[in-house]
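Asker: Residue numbers (the numbering used here), protein chains in the order written: chain A, 690 to 1215; chain B, 690 to 1215; chain C, 1164 to 1421; chain D, 1164 to 1421.
Ideal Cβ placement from N, Cα and C applies to all residues, glycine included.
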Amino acid sequence: MSPMSKLYLDPQLIDRARTAASDIADSLQSFILERTTVAVERTVLRLYGLDGVDADYVPLPNVVVDHLKEGGLLEHGAARYVLNAVLQKGLSIQEIGESVAAGTLNLCELPLASDDEIRQKGLELAHASLDLIRANRAKRDDYLSRLGEGPQPYLYVIVATGNIYEDVVQAKAAARQGADIIAVIRSTGQSLIDYVPYGATTEGFGGTYATQENFKVMREALDEVGEEVGRYIRLCNYCSGLCMPEIAAMGAIERLDVMLNDALYGILFRDINMQRTMVDQNFSRMINSFAGVIINTGEDNYLTTADAVEQAPSVLASQFINEQLALRSGLPEEQMGLGHAFEMSPELEDGFLLELSQAQMAREIFPRAPLKYMPPTKHMTGNIFKGHVQDTLFNMVGVMTNQGIQLLGMMTEAIHTPLIHDRHIAIEGAKYVFKNLRNFGEEIEFKRDGKIVARAQDVLTDAAGKLEEIRDIGMLEAISRGMFADVKRTMTGGKGLHGVFMRAEDYWNPFETLLRAELGLEAMAR
Amino acid sequence: MSPMSKLYLDPQLIDRARTAASDIADSLQSFILERTTVAVERTVLRLYGLDGVDADYVPLPNVVVDHLKEGGLLEHGAARYVLNAVLQKGLSIQEIGESVAAGTLNLCELPLASDDEIRQKGLELAHASLDLIRANRAKRDDYLSRLGEGPQPYLYVIVATGNIYEDVVQAKAAARQGADIIAVIRSTGQSLIDYVPYGATTEGFGGTYATQENFKVMREALDEVGEEVGRYIRLCNYCSGLCMPEIAAMGAIERLDVMLNDALYGILFRDINMQRTMVDQNFSRMINSFAGVIINTGEDNYLTTADAVEQAPSVLASQFINEQLALRSGLPEEQMGLGHAFEMSPELEDGFLLELSQAQMAREIFPRAPLKYMPPTKHMTGNIFKGHVQDTLFNMVGVMTNQGIQLLGMMTEAIHTPLIHDRHIAIEGAKYVFKNLRNFGEEIEFKRDGKIVARAQDVLTDAAGKLEEIRDIGMLEAISRGMFADVKRTMTGGKGLHGVFMRAEDYWNPFETLLRAELGLEAMAR
Amino acid sequence: MSETKRYEPWKDRDMTKVRPYGDTFDDGMIQLSFSIPVPPGEEAAEAARQLVTQMGLHEPAVVHQHDLGEDFTFVVMYAKTKAMIDYTKIKVAKVDSPRMSFYEINEYIKEQIGRKITIIGACTGTDAHTVGIDAIMNMKGYNGEYGLERYPMVEAYNLGAQVENEEMVAKAIELNADAILVSQVVTQKDVHIPNLAQLVELLEAEGLREKLILICGGPRLGHELALELGYDAGFGPGTLAPDVASFVVQELVKRGLK
Amino acid sequence: MSETKRYEPWKDRDMTKVRPYGDTFDDGMIQLSFSIPVPPGEEAAEAARQLVTQMGLHEPAVVHQHDLGEDFTFVVMYAKTKAMIDYTKIKVAKVDSPRMSFYEINEYIKEQIGRKITIIGACTGTDAHTVGIDAIMNMKGYNGEYGLERYPMVEAYNLGAQVENEEMVAKAIELNADAILVSQVVTQKDVHIPNLAQLVELLEAEGLREKLILICGGPRLGHELALELGYDAGFGPGTLAPDVASFVVQELVKRGLK
Ligand code: B12
Ligand code: B12
Ligand SMILES: Cc1ncc(COP(=O)(O)O)c(C=O)c1O
Ligand SMILES: Cc1ncc(COP(=O)(O)O)c(C=O)c1O
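(1) Quick one: what's got a C-beta closer than 6 Å to GLU1166(C)'s C-beta in the same chain, skipping five residues either side?
(2) If we define contact as Cβ-Cβ less than 7 Å, is SER691(B) a contact residue for chain C?
(3) Just the Cα atoms here: how many angstroms apart are ILE1104(A) and PRO1056(B)?
(4) Taking the alpha carbon of GLY741(A) as the reference point, which residue from VAL885(A), ALA817(A), ALA827(A) has its own alpha carbon closest?
(5) Between the alpha carbons of MET1025(B) and ALA710(B), how many angstroms are there, rounded?
(6) Quick one: is the Cβ of VAL1349(D) within less than 6 Å of any heavy atom of ligand 2?
(7) Which chain D residues are close to HIS1113(A), counting only those with a beta carbon under 8 Å from its beta carbon?
(8) Flag GLY930(A) as yes when its Cβ comes closer than 6 Å to any non-hydrogen atom of ligand 3, and as no otherwise.
(9) Could you tell me whether the Cβ atoms of ALA1174(B) and THR986(B) are closer together than 7 Å?
(10) Is there contact between the stretch 1297-1316 of chain C and the stretch 906-913 of chain B, where contact requires at least three CB pairs shorter than 8 Å?
(11) Looking at C-alpha atoms only, which residue of CYS1379(D), PRO1223(D), LYS1417(D), VAL1411(D) is the closest neighbour of ASN1269(D)?
(12) Could you tell me whether any non-hydrogen atom of ligand 1 is closer than 6 Å to the CB of HIS1110(B)?
(13) Given a cut-off of 7 Å, decide if GLY1028(B) and ASP969(B) are closer than it, judged by their beta-carbon atoms.
(14) Which residue comes first and which comes last in the beta strand (DSSP E) that contains LYS1243(D)?
(15) Short of 7 Å Cβ to Cβ, which residues in the stretch 1182-1204 of chain C face chain A?
(16) Keeping to the same chain, check which residues put their C-beta closer than 7 Å to that of ASP1395(D); ignore five residues upstream and five downstream.
(17) Taking VAL1142(B) and ASN1084(B) to be in contact with their CB atoms under 8 Å, please state how far apart those CB atoms are, rounded to whole angstroms.
(18) Would you mind stating whether ALA1211(C) and VAL1225(C) have Cβ atoms separated by less than 7 Å?
(19) Would you mind giving the Cβ-Cβ distance between THR900(B) and GLY888(B), rounded to the nearest angstrom? I have them listed as a contact below 8 Å.
(20) Could you have a look at ARG875(B) and say whether DSSP puts it in helix, strand or coil?
(21) Please classify ASP856(A) as buried or exposed, where buried requires at least 16 other C-beta atoms within 10 Å of its C-beta.
(22) Check the Cβ of ARG1383(D) against every Cβ in chain C and list those closer than 9 Å, keeping chain order.
(23) Which term fits ALA728(A), buried or exposed, when burial requires 16 or more other beta carbons within 10 angstroms of its beta carbon?
(24) Residues in its own chain within less than 8 Å of LEU1403(C) by CB, not counting five upstream and five downstream?
(25) Let's test the definition: count the other Cβ atoms within 10 Å of the Cβ of MET1180(B) and tell me whether it reaches 16, buried, or not, exposed.
(26) Restricting to Cα atoms, I'd like to know which of GLU1044(B), ILE976(B), PRO1059(B), ALA1001(B) is closest to GLY1019(B).
(27) What's the call for GLN1275(D), buried or exposed, on a 16-neighbour Cβ count within 10 Å?
(28) Taking Cβ to Cβ, would you say ILE1283(C) is nearer than 7 Å to LEU1311(C)?
(29) Would you say the beta carbon of PRO886(A) comes nearer than 6 Å to a heavy atom of ligand 2?
(30) Is LYS1352(D) close to chain A? Criterion is C-beta to C-beta, closer than 7 Å.
(31) Where does the unbroken alpha helix (DSSP H) through TYR832(B) begin, and where does it stop?
(32) Since GLY1380(C) meets chain D, which of its residues come closer than 7 Å, beta carbon to beta carbon?
(33) Measuring only from the beta carbon, is ASP1290(C) closer than 6 Å to any heavy atom that is part of ligand 4?
(34) Here's the rule I'm using: 16 or more other beta-carbon atoms within 10 Å means buried, otherwise exposed. How should ARG1215(A) be labelled?
(35) In whole angstroms, give me the CA-to-CA distance for ILE785(B) and LEU931(B).
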């Protein structure tokens, strides 16, 4: 008879860890709910349909939010003033943005309509926006039921030519080669700019700018090729960095399916201020939840700077916290692509056992989450042949432990962003392994007193301990102490703090209100 | 608690199969013991030290044996006449051979000394030869205890430049890269010539001729590099084809460590007459036994012509027979490198499970044999990247099931005999997998009601049935019916039948006599 | 940072100027690996770069090197080529007779030739790889296609492996063969070339060459090489019986060898 | 069939004539793989063969091709080159100051310079890959070697990632740096080249270039490229702190920058 847990994990220990994480999330959540950011407010405007740039290529959402910020009004929420202008001037929100940009309208000086009127208008328009997102979601469901999709683990590959049109050709080729998810990697540097570039772009480095137009271009291309290959092809991008919630909104509007979305990643790897990105993350996840977008968290990255064997507990602890934070944004488990990775040194004797243990443990602890499993990257070298073997072992663990999303390793990982055939070679290898070992995971059991089982139990025990420690000192303090990925960040350090505001008493964000209701967040209280 | 058999194999079924194989071997053995061959007689002369060629490059053992054959004396055993000449002429055996070649001595016309005298001389000289082989064996043991060896599975690679001196440079490089066993592949065509070429050779196709000088050249090179890398490097060649026992003798003299040695291979894949090669095999295996040479059998080859899933039972049946035949030549289990292979189509869903099952089954049924595990060959293509993945899965099964000898797959299998770096890439991949999964096999158990277990049980059941059928109809008839590898061969078809002779009443082979005693074969009776 | 001019050379490709492509259209990117007889180190990397530069590649990057022992070094490289070919001018010698089915071929023989035809095949020289020729000839065939032995209108004789050219010719005479199929799988040091050439010579010496269809095949063979060697056709990997039979029967008719 | 003349070119190698080697010495054997913007098929194979022929390779064999979709084809090839280089003439620009140990370096600074030296480092531009520069600078170091922060005689400042060149220069002035270490890991579309060049320009504009040691490093960088770009040295994969520090301190002394 097979045990409930192949790893004989102690359910009580899991509960302990989860409870600690929940407490951590609760206290973070109170912190978050007291604040708003420029990005959150720009997102509200984008959701109302504000788009385009001014003469200096500054996006109108930035123009309007900066205008309100200068007027000292942002802590009340941008929505109120824009909607007021709609009422007062009879203009569309787009027209208001353009007028502000042209300097012909000053929102701060307009007399305010009654709160009731504003709220009514605000909810009415917001409903219309949400309907559009709902329609996108329905369209995705429709595609999925009509065309179907590849079996899990989904094959996830990146395109990164820097040119959206060239990305299209590489992405379509990848879809034909068998990819299930196409991620358009962003250009270096984008995450640190405090606005979203505009229009279709053809020049990026190590990736292509995330813009709404680029999303649209790629979405169309993937729908087209999806019809031809008879499989819905998911589109992935990055809502992280300084524009987290804005990109979530753009993604919801353009029907993206998967989003990298993790404040911790931004804090640790982009040195983004932790207050800023925690607040941004909360709203971005509400949008992702509603849009049916699967988020990917970034725990895998910890192992690119820190040692994978040692840091395993902190990866798990972070996953627990990310789960709880996601729940507080209304994100169902089915949309939680919690990240982890196959990043141990290939020189390790029995390293495969540890990797397998780790992956199986994540699977059991987050049984419904479509776990995002990252391939070897840090220990990849210019030796493409050995690299292909590393990726093969990774693919084995992926299929043996039923990962949800398999980011395919490229044999050229240490050399360049993938060439058109690098993806093909990776996909071919993964498909072969997934089929040839399809039911292998179900066929085997681990020795109860063996290394695999012991390792998982150790990691879980350590993670639970870590979480309880974090609960005691607080999440933000834990980060300051370098408890994640060996990187230390402070409360007031990093980029973007200037964009954080305490909410005023009468702060109002109509989308937050509606989404809380839609996502059942009002009811949710532990 | 882990079961005795990970596959829950029924020991009684194994016994049934082994008993049938034993009966088959017994009846073959009576057939064999009534016959001798030109190759066996040449081998006797070689063991007595006869070497060199005549003016037409015909090896002296051939000259002498043909001479006796023409004189109608071969059925009495060549030893008698040559020893008689030693006694009569006071010449060394080498001098006798040279005289026969020069036409100055006719062995058939010499008066015969007394049987006692001849036998005494014969045994005396034979003892001296066997001492030499014994010394070689001791030297190997000495190397092994002084230098040590790589862990199992041994990494086995081939060299095949066609030029023994170039083979040396490639072999030494391979040893430095980590190879444990170097096999010098033979040129196409050698197995069908009824003599062993002489001297160092520099031109072969798809391999290098097996000659005694070539053995010597390579042995020296490997001893040299072995000292440098601090690991004894085993040398492998092929004693199969029409000169099976001669090559065994040459190998024993030059301290080879591993020999491909399987009559069934010759019958099925070289169309060598079955009577001839069965008789040859028996004597060759006695020599290999005594010399401490590990033999490799050729069951893996069945899967290159027939389907690996369907033919699994015939591979197992053949292994059982080969084991029993080997025992009857005094070969201990520790020297039985029974062959099998990873040859299922990579397109098969769950193919890995079947391969694993097969390999584990062989391991359990022949627990002490250093199983020779062949890599994917048939389903390798020009796609070197996918091929490297196929080889990786093969290496995983190898280490998971504790195979003894892992013939390393080359990513270029479908293209060319290995280039100098093909071996490196293969060795690197295998070493990585072997280390990264070192104890994985011990860590897992198979589900009792799963596919892996069921498959092994099915194959064993079928093999037992097959063996009982073969026992009923006889081995030679079974081959005629195409029961192995889908290939049919007849009793009198194929090459080399003209070299088979019924032994006369007074047939005498001093080495056979001594080896039977040495190997404890007199005592052996079921 | 962003420009929107749509330059999409991959859409309207100039097929007269085709070069390799990896990441940026027309970048000429190529992966290479090889060994050089020098010890590992920076000089080895430079040697490798100079070698590929001689091949006209630019931006050569040695991304990996490994000591093979015995003063040999293995390198993995990426580099870019400026080479460019005119795809519209490419002509490949192809077997151009339309491919017929099992049924059509037998019908065709009945109608156009009016008698059974005889085909002999073997793997010749010292080559013992029969799987390929078996795939074409044996009853049970290959990949779901029957072999020639199954064809009612074909007398097929598979002579097996390691058949000498002399024996092939003798059999062709004895059986009055309409076609000879030769398989060659071992190609190391080009051992197949003299062997294939010798058969043509023997057939010519016997005055038989023009009287039958001569075909070779194998994984490293193609139609072009076959023509060069004086064969009527050559077949490579993945060939099935109907491919060969279609050619044979149409060629027999075309050449009036009914 | 057998000849015994011992021709062993691999033993007494002619290092003035070095070419790739696979199976038969001097065979020039090379493995290649690349994609071409044409649909799969025999024409694609021919296109690939023509391309490598243009590179001076002969006996090109397309051993594998695969449809990539969108009218692209991936090929794997083997071919032989006639290219040949003179290994004895190879000169590689190398950092030539002898490598000292942690202990020796600190002693050297004490004795030869007589004061603590200041080194600042960062991963510049939009590049955020800090692991490389951290490996050189951080306390805990890399592969068993301490980083510069651990050196008693070195004041090391690791500015982290995505540091603008302007900021680097400002810091160099503020801290009166003796050496600047720049890491560049992202190299797609050669983004690192203008970024590295700009720093040299800024330093020159400030009149600082000659007053300090300027070093760059990263997985796709080497000493040669560094010199071309106007740096004093460049370090590639596997560099450890003592490699860099040895160079810095000896160069400071050599240039009289004590
Ligand atoms: C199976 C096999 C064997 C079997 C052969 C069994 C048998 N009865 O055929 C065994 C194990 C006996 C064997 C032995 C050897 N083999 Co072998 N073998 C292979 C293997 C794994 C597969 C070949 C195969 O069966 N392919 C499947 C068939 C269906 O494909 P195919 O031959 O290409 O045939 C198709 C087409 O080419 C075409 N075709 C082929 N012939 C013809 C003829 C005509 C007229 C037509 C129209 C079409 C046609 O149609 C076929 C169907 O589509 C290959 C490696 C590989 N993966 O390719 C090595 C390989 C061919 N063998 C090789 C070698 C060197 C040997 C040995 C010499 C090694 C040795 N010294 O021991 C021996 C000796 C054999 C000898 N004397 O020839 C080398 C050849 C290297 C080279 N390029 O020269 C290979 C490539 C392996 C390697 N990398 O070293 N081998
Ligand atoms: C870890 C990693 C990351 C981490 C970085 C974390 C961090 N804090 O550094 C994360 C996950 C954040 C990341 C992100 C990205 N990465 Co990244 N990443 C890697 C990875 C896996 C390993 C790099 C590494 O840490 N190597 C280990 C260190 C020790 O080696 P090293 O850098 O070579 O350093 C040594 C030497 O070169 C030298 N050295 C280096 N610098 C210096 C400086 C001096 C002065 C000296 C003397 C010596 C020296 O000494 C060091 C020690 O020996 C590589 C792939 C790989 N396996 O190489 C990709 C890789 C570098 N990343 C890549 C890309 C494209 C990105 C992204 C742009 C992708 C995206 N759009 O999301 C982002 C954005 C990053 C940005 N803005 O720059 C590409 C770059 C492609 C190219 N050639 O241009 C790579 C090659 C992966 C790929 N194939 O696509 N990445
Ligand atoms: C969660 C997460 N967000 C974002 C990114 C990419 O970051 P950026 O676009 O900031 O380079 C990653 C890296 O892969 C990630 O894991
Ligand atoms: C048992 C056995 N003998 C011999 C050989 C090689 O045969 P030959 O030298 O006759 O080509 C093989 C093939 O690998 C084999 O498996």
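Answerer: Once the coordinates are examined:
(1) Looking up residue 1166(C) in the third sequence gives position 3. Annotation note: pLDDT 48 at GLU1166(C) (below 50); position unreliable, coordinate value reported separately. The beta carbon of GLU1166(C) sits closer than 6 Å to none of the beta carbons in its chain outside the five residues before and after it.
(2) Numbered from its first residue, the second sequence carries residue 691(B) at position 2. Below a pLDDT of 50, predicted positions are generally treated as unreliable, and SER691(B), at 41, falls in that range; no measurement from the model is reported.
(3) Locating residue 1104(A) in the first sequence gives position 415, counting from the first residue. Locating residue 1056(B) in the second sequence gives position 367, counting from the first residue. In a straight line, the C-alpha of ILE1104(A) is about 45 Å away from that of PRO1056(B).
(4) Walking along the first sequence from the start, residue 741(A) turns up at place 52. It is VAL885(A) whose Cα lies nearest to the Cα of GLY741(A).
(5) For the purposes of this step, residue 1025(B) is taken as the residue at position 336 of the second sequence. For the purposes of this step, residue 710(B) is taken as the residue at position 21 of the second sequence. Answer to the nearest angstrom: the Cα atoms are 16 Å apart.
(6) On the fourth sequence, residue 1349(D) is found 186 positions in, with the first residue counted as 1. At least one heavy atom of ligand 2 lies closer than 6 Å to the C-beta of VAL1349(D).
(7) Within the first sequence, the letter at position 424 stands for residue 1113(A). Here the neighbours are HIS1229, LEU1231, PHE1237.
(8) If you number the first sequence from 1, residue 930(A) lands on position 241. The answer is yes for GLY930(A).
(9) In the second sequence, residue 1174(B) corresponds to position 485, counting from 1. In the second sequence, residue 986(B) corresponds to position 297, counting from 1. No, the Cβ-Cβ distance between ALA1174(B) and THR986(B) is not below 7 Å.
(10) no
(11) The residue labelled residue 1269(D) in the question sits at position 106 within the fourth sequence. It is VAL1411(D).
(12) Locating residue 1110(B) in the second sequence gives position 421, where the first residue counts as 1. False, no ligand heavy atom lies under 6 Å from that Cβ.
(13) Numbered from 1 along the second sequence, position 280 holds the residue referred to as residue 969(B). Numbered from 1 along the second sequence, position 339 holds the residue referred to as residue 1028(B). Taking 7 Å as the Cβ cut-off, ASP969(B) and GLY1028(B) do not qualify as a contacting pair.
(14) On the fourth sequence, residue 1243(D) is found 80 positions in, with the first residue counted as 1. Taken as a continuous stretch (DSSP letters only), the beta strand (DSSP E) holding LYS1243(D) covers 1235-1244.
(15) Those residues of the stretch 1182-1204 of chain C that come within reach of chain A (Cβ to Cβ, closer than 7 Å) are TYR1184, GLY1185, ASP1186, THR1187, PHE1188, MET1192.
(16) What you label residue 1395(D) is simply residue 232 of the fourth sequence in a count that begins at 1. Excluding positions up to five away in sequence, the list reads ILE1376, LEU1377, ILE1378, GLU1414.
(17) Residue mapping note: residue 1142(B) aligns to position 453 of the second sequence, counting from 1. Residue mapping note: residue 1084(B) aligns to position 395 of the second sequence, counting from 1. About 23 Å separates the two Cβ atoms, so there is no contact after all.
(18) The count along the third sequence starts at 1 and reaches residue 1211(C) at position 48. The count along the third sequence starts at 1 and reaches residue 1225(C) at position 62. For ALA1211(C) and VAL1225(C), yes; Cβs fall inside 7 Å.
(19) What you label residue 900(B) is simply residue 211 of the second sequence in a count that begins at 1. What you label residue 888(B) is simply residue 199 of the second sequence in a count that begins at 1. The pair is a contact, with the Cβ atoms about 6 Å apart (cut-off 8 Å).
(20) What you label residue 875(B) is simply residue 186 of the second sequence in a count that begins at 1. Of the three classes helix, strand and coil, the one that applies to ARG875(B) here is coil, per DSSP.
(21) Indexing the first sequence from 1 puts residue 856(A) at position 167. Counting Cβ neighbours within 10 Å, ASP856(A) comes out buried, since at least 16 surround it.
(22) In the fourth sequence, the residue the question calls residue 1383(D) occupies position 220. Those are ALA1224, VAL1226, listed as they occur along chain C.
(23) Your numbering for residue 728(A) matches position 39 in the first sequence. It counts as buried.
(24) Indexing the third sequence from 1 puts residue 1403(C) at position 240. Answer for LEU1403(C): ALA1298, ILE1299, GLY1304, TYR1305, ASN1306, GLU1308, listed in chain order.
(25) The residue you call residue 1180(B) lines up with position 491 of the second sequence. Taking all protein chains in view, the Cβ of MET1180(B) is surrounded by fewer than 16 other Cβ atoms within 10 Å, so the residue is classified as exposed.
(26) Working through the second sequence from its first residue, we reach residue 1019(B) at position 330. Selected option, being the one with the closest Cα: ILE976(B).
(27) Position 112 of the fourth sequence holds residue 1275(D). GLN1275(D) is exposed by the Cβ-count criterion.
(28) Looking up residue 1283(C) in the third sequence gives position 120. Looking up residue 1311(C) in the third sequence gives position 148. Cβ atoms of ILE1283(C) and LEU1311(C): not closer than 7 Å.
(29) The residue labelled residue 886(A) in the question sits at position 197 within the first sequence. No, the beta carbon of PRO886(A) sits no closer than 6 Å to any heavy atom of ligand 2.
(30) Translated into positions along the fourth sequence, residue 1352(D) becomes position 189. Yes - at least one Cβ of chain A is within 7 Å of the one on LYS1352(D).
(31) Locating residue 832(B) in the second sequence gives position 143, where the first residue counts as 1. Taken as a continuous stretch (DSSP letters only), the alpha helix (DSSP H) holding TYR832(B) covers 804-836.
(32) Counted from its first residue, the third sequence places residue 1380(C) at position 217. Within chain D, no residue comes near GLY1380(C); the closest Cβ sits about 15 Å away, beyond 7 Å.
(33) Translated into positions along the third sequence, residue 1290(C) becomes position 127. Outside the cutoff, so no.
(34) In the first sequence, residue 1215(A) corresponds to position 526, counting from 1. Only weak support exists for where ARG1215(A) lies, its pLDDT of 33 falling under 50; the coordinates are left without a value.
(35) Numbered from 1 along the second sequence, position 96 holds the residue referred to as residue 785(B). Numbered from 1 along the second sequence, position 242 holds the residue referred to as residue 931(B). Going from the Cα of ILE785(B) to the Cα of LEU931(B) covers about 24 Å.
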